[in-house]
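Undergrad: Residue numbers (my numbering): 7 to 303.
Here it is, the structure in full.
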Ligand SMILES: [Ca+2]
Ligand SMILES: [Ca+2]
Ligand SMILES: [Ca+2]
Ligand SMILES: [Ca+2]
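Okay, here's the thing in structure tokens:
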């Protein structure tokens, strides 16, 4: 009996040892350096945009309460005279810190077919969107025809940066109680993989794949994730659009999730503007607001 248990334990230990070794090997594949990978992908995106066009003719008849599905095809045959994407996109650059803490600006290329009528979401807000995601090889890896709510702090970088460029639509209620969205923002973006999934591959996306997203920005909600009275966008103190790296009291709860940002035992909501005059409190006048300063005086 005891011997059997020992054999069993030995087997378990061996099994785990093997598993561990395989995991270690999988983890030890070095990531491609961001700066050189970006150059490779940006070249391939530019080549793609020079040789492909999108169904821009279909977008000229965009009706107020609907969108048109983005279709991209090669410029050849019957389509030899189409205008290439390259001549229609606007460029936006996103600063990325690479593994050596060096800035590597990443270009995204986008087209806005309809701007929208309301405000823009921030990169912290919740957005009610329909979308289509595809690779340069025209592989549709994700698609939503009916809008769903997404939290911009949980989606890939390029997606949130782009949808912050679109404005929401108007909501109108029909006589039967249903509602619809009109003149919402419509556009699409082409981005290098670091703004997408980079080295991660899935069943439908290979590692280091540049991505294309078409987005229809129906509406949005301004987010205050921790309900402390400070909008989440204002809890990104260093303004880098990354929310996990702002942690004033160092308690490993980033400020946008922390109800007591400075860890002084007074909730942010109780010291942000305690006198209710609409001005953020700074009792000692040192330029650091009370809610971010453990010792106020
Ligand atoms: Ca907050
Ligand atoms: Ca930040
Ligand atoms: Ca907070
Ligand atoms: Ca506090």
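Using N, Cα and C, we set each Cβ at its ideal position, and we do this for glycine too.
Since residue 194 contacts residue 76 with CB under 8 Å, what's their CB separation in whole angstroms?
TA: 5 Å
Undergrad: Let me make sure I understand the geometry here. Which of 235, 208, 104 and 242 has the alpha-carbon closest to that of residue 282?
TA: 235
Undergrad: Determine the contact status of residue 119 and residue 97, defining contact as a CB-CB distance below 8 Å.
TA: No, they are not a contact pair.
Undergrad: Put residue 199 into one of helix, strand or coil per three-state DSSP.
TA: DSSP places residue 199 in helix when its eight states are reduced to three.
Undergrad: When the Cα of residue 275 is compared with those of 215, 232 and 211, which residue comes out closest?
TA: Of 215, 232 and 211, the residue nearest in Cα terms is 232.
Undergrad: Within the continuous alpha helix (DSSP H) that includes residue 220, where are the two ends?
TA: Careful: residue 220 lies outside any alpha helix (DSSP H), inside the beta strand (DSSP E) at 217-227.
Undergrad: Within its chain, find whatever has a CB closer than 8 Å to the CB of residue 257; leave out the 5 residues flanking it on each side and keep chain order.
TA: 264 and 269
Undergrad: Shortest alpha-carbon distance to residue 48 belongs to which of 140, 225 and 199?
TA: 199
Undergrad: Only counting the same chain, and skipping five residues up and downstream in sequence, which positions put a Cβ closer than 7 Å to that of residue 71?
TA: Around residue 71: 186, 187 and 188.
Undergrad: Let's see if you can read the secondary structure: which residues bound the beta strand (DSSP E) around residue 1?
TA: One cannot answer for residue 1 here, as it falls past the ends of the chain, which runs 7 to 303.
Undergrad: Report the start-end ranges of each beta strand (DSSP E) in the stretch 41-68 that is 3 residues or longer and not cut off at the edges.
TA: 58-60
Undergrad: With respect to 7 Å, is the separation between the Cβ of residue 239 and the closest non-hydrogen atom of ligand 2 below this value?
TA: Outside the cutoff, so no.
Undergrad: In this structure, how does DSSP classify residue 194 when only helix, strand and coil are distinguished?
TA: Correct three-state label for residue 194: strand.
Undergrad: DSSP three-state label for residue 207, please.
TA: coil
Undergrad: Strictly by DSSP, which residues pair up with residue 185?
TA: 179
Undergrad: Out of curiosity, what's the CA-to-CA distance linking residue 251 and residue 261?
TA: 9 Å
Undergrad: Roughly how many angstroms lie between the CA atoms of residue 108 and residue 78, to the nearest whole one?
TA: Taking the straight line joining both Cα atoms gives about 34 Å.
Undergrad: Is residue 247 near ligand 1, in the sense that its beta carbon is under 7 Å from a heavy atom of that ligand?
TA: no
Undergrad: Based on the DSSP secondary-structure assignment, which residues constitute the bridge partners of residue 120?
TA: 192
Undergrad: How about the stretch 41-57 and the stretch 122-136: do they share at least three Cβ pairs that are nearer than 8 Å?
TA: no
Undergrad: Could you spell out the range, first to last residue, of the alpha helix (DSSP H) harbouring residue 275?
TA: 274-277
Undergrad: Taking 7 Å as the cut-off, is the beta-carbon of residue 242 closer than that to any non-hydrogen atom of ligand 1?
TA: no
Undergrad: Assuming residue 65 and residue 137 are in contact, meaning their beta carbons sit under 8 Å apart, how far apart are those beta carbons, in whole angstroms?
TA: About 16 Å separates the two Cβ atoms, so there is no contact after all.
Undergrad: Could you spell out the range, first to last residue, of the beta strand (DSSP E) harbouring residue 147?
TA: Its beta strand (DSSP E) spans residues 146-157.
Undergrad: Buried or exposed for residue 86, going by 16 or more other Cβ atoms inside 10 Å?
TA: exposed
Undergrad: Considering only DSSP beta bridges, list what residue 79 is partnered with.
TA: 59
Undergrad: Excluding the 5 residues preceding and the 5 following residue 38 in the sequence, name in chain order all residues of the same chain whose CB lies nearer than 8 Å to its CB.
TA: 205 and 214
Undergrad: May I ask which residues mark the beginning and end of the alpha helix (DSSP H) holding residue 167?
TA: 163-169
Undergrad: For residue 113, does the three-state DSSP call read helix, strand or coil?
TA: strand
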